[in-house]
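Asks: This is the structure, below, for whatever I ask next.
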Amino acid sequence: MIRRQQQKIFIMATPTTRARLTAELAAQIKKLAATTSFFQHEIAAALGLNQGRVSEVLSGKRFPSVPPAR
Numbered sequence: 033m034i035r036r037q038q039q040k041i042f043i044m045a046t047p048t049t050r051a052r053l054t055a056e057l058a059a060q061i062k063k064l065a066a067t068t069s070f071f072q073h074e075i076a077a078a079l080g081l082n083q084g085r086v087s088e089v090l091s092g093k094r095f096p097s098v099p100p101a102r
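Below you can see the structure in the form of C-alpha cells.
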C-alpha cells in the first residue's frame, strides 16, 4: 500500500499477488514515474509488480514503444 498525502495519490495492491506486466501496466509505470516522486520499488508495490519489471520498462528494455498513460 502506498499513501502519499501531499500528492493525493492512493494506490493499493494486494502484496501477496503479482500482476502480469502488460502494455497497460507499462503505460501506468511510465506515467507514475513522470508525474510523481515515487521510487521504482514504490511504483512496483503499488501496481503489484517487482522492482525489476519497473526498471525494465523505464529503461526501455520492455514495452519501449508504449507511451505513458494519460
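To convert, take the position in the sequence shown, counting from 1, and add 32; that gives the numbering used here.
Ideal Cβ positions, reconstructed from N, Cα and C, are used throughout, including at glycine.
#1: With a threshold of 16 other CB atoms inside 10 Å of the CB of F70, please say whether the residue is buried or exposed.
#2: For a minimum of 4 consecutive residues, which ranges assigned as the alpha helix (DSSP H) are wholly contained in the stretch 44-73?
#3: Give the single residue among T68, A66, K62 and A76 whose Cα lies nearest to the Cα of A51.
#4: Please state whether DSSP places K102 in a helix, a strand or coil.
#5: Is the separation between the beta-carbon of A58 and that of V89 shorter than 7 Å?
Replies: Taking the geometry as given:
#1: It counts as buried.
#2: Counting whole runs of 4 or more residues, the stretch 44-73 contains the alpha helix (DSSP H) stretches 55-67.
#3: Residue A76 is the option with its Cα nearest to A51.
#4: Note on residue identity: the sequence assigns Arg, not Lys, to residue 102. If DSSP states are grouped into helix, strand and coil, R102 belongs with coil.
#5: Between A58 and V89, the C-beta gap is smaller than 7 Å, which places the two residues in contact.
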